[in-house]
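Notes to accompany the following structure.
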Amino acid sequence: MTFATITSIFKRNQNLPAGVHIEPLHHYNMRQRGQRWRLFHAQPDKVKLATDRLVYFVGAVGPVMTLPQLYTIWIEQNAAGVSIVTWSAYIFTAAFWLTYGILHQQKPIIFTHTCWISIHILMVIGILMYS
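Every letter in the sequence shown is one number past the one before it in the numbering used here, and letter 81, counting from 1, is 85.
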């Protein structure tokens with residue numbers, strides 16, 4: 005679909021939702037749930053819908069799998085073999101992803117990386133205290 009075709013469709017249909025842009029190089033991230041405008045993406049299929057729902061569960065499972073490591077550091081007070089450089093780098097990368105999620109208003113990314121940053125900060129504090 006060319007830019008001229010898209011522009012002509014938009015001119016015919018003046019009921020555009022707020023935030024829809026007609027620039028050719030605009031970042032089209034229009035597959036947000038709850039929007040009534042679906043020119044570029046038809047109703048999602050069942051696999052996409054299931055994936056969209058599962059992403060929150062999977063985003064929460066990752067940090068939960070780190071709980072045994074937190075237990076070892078905080079309860080057993082043993083930080084042997086755990087690198088503070090690695091966990092500090094994880095904070096940096098998760099903060100970058102969180103920023104990306106906020107800028108693009110992607111709730112799964114925001115949720116997941118908020119959880120990860122919390123876990124990483126607890127890990128770094130524990131490593132500093134018990135190493």
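C-beta: ideal position from N, C-alpha, C; glycine also.
Pairwise C-alpha distance: residue j and residue i
{"i": "residue 52", "j": "residue 84", "result": "42 Å"}
{"i": "residue 111", "j": "residue 105", "result": "7 Å"}
{"i": "residue 127", "j": "residue 91", "result": "7 Å"}
{"i": "residue 100", "j": "residue 81", "result": "30 Å"}
{"i": "residue 65", "j": "residue 58", "result": "11 Å"}
Pick from the options that is closest to residue i, judged by C-alpha positions
{"i": "residue 129", "options": "73, 65, 117, 54", "result": "73"}
{"i": "residue 121", "options": "87, 67, 80", "result": "67"}
{"i": "residue 60", "options": "95, 132, 113", "result": "113"}
Own chain, CB closer than 6 Å to residue i, minus 5 neighbours either side, in chain order
{"i": "residue 78", "result": "130"}
{"i": "residue 116", "result": "63"}
{"i": "residue 132", "result": "none"}
Beta carbon of residue i nearer than 8 Å to that of residue j
{"i": "residue 70", "j": "residue 123", "result": "yes"}
{"i": "residue 102", "j": "residue 118", "result": "yes"}
Proximal residues to residue i (C-beta, below 8 Å), its chain only, five neighbours per side dropped
{"i": "residue 135", "result": "83, 84, 86, 88"}
{"i": "residue 186", "result": "Because the chain here runs from 5 to 135, residue 186 falls outside it and cannot be looked at."}
{"i": "residue 49", "result": "none"}
Cutoff 7 Å; reference residue i; Cβ partners in own chain excluding five residues on either side
{"i": "residue 98", "result": "117, 120, 121, 124"}
{"i": "residue 93", "result": "none"}
Taking the runs of the beta strand (DSSP E) that are 3 residues or longer, which of them lie wholly in the segment 76-116? As far as the segment 76-116 is concerned, it has no whole beta strand (DSSP E) run of at least 3 residues.
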